[in-house]
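For reference, the structure discussed in these notes is given below.
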Amino acid sequence: MNMKKIMSAQFRLLYIKQNNNADIFENVLNEMLLEWKGQTYVIKSTSIKYDGSIVTNEVVAKQYIYGVSKSLYSKGFRK
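In the UniProt record's numbering, the protein residues as written are 1 to 79.
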């Protein structure tokens, strides 16, 4: 069956390093899975910044949704 990307979603979050999350903060890597509100996203980029007092990590995560191509479905390639 021919699967085709039919939609993608993206969101950004700003992760602030604190004493209680330092171990997780340092281990957020590209291509890790992130679950948010029941949806799974793939981390595509991380950018750690320090402004002199606060360390932050800007995370960009994307979700890709795949489905059957409408053209194949209309031609009778149904299960």
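Note that beta-carbon positions come from the ideal geometry of N, C-alpha and C, so glycine has one too.
**Asked** Can you give the Cα-Cα distance for ASP23 and GLN10, rounded to whole angstroms?
**Response** 25 Å
**Terminal residues of the alpha helix (DSSP H) in which ILE43 lies** = It is not in any alpha helix (DSSP H) - ILE43 instead sits in the beta strand (DSSP E) that spans 39 to 50.
**Prompt:** LYS44 and VAL60: beta carbons closer than 7 Å?
**Reply:** With contacts defined by Cβ atoms closer than 7 Å, LYS44 and VAL60 form a contacting pair.
**Request:** With a 10 Å radius around its C-beta and 16 neighbouring C-beta atoms as the bar for buried, classify TYR64 as buried or exposed.
**Result:** exposed
**Distance, GLU26 Cα to SER53 Cα** = 17 Å
**Item:** Counted within 10 angstroms of its Cβ, other Cβ atoms place TYR50 as buried (16 or more) or exposed
**Value:** Exposed, since its Cβ has fewer than 16 Cβ neighbours within 10 Å.
**Message:** Strictly by DSSP, which residues pair up with ASN57?
**Reply:** TYR15 and ILE48
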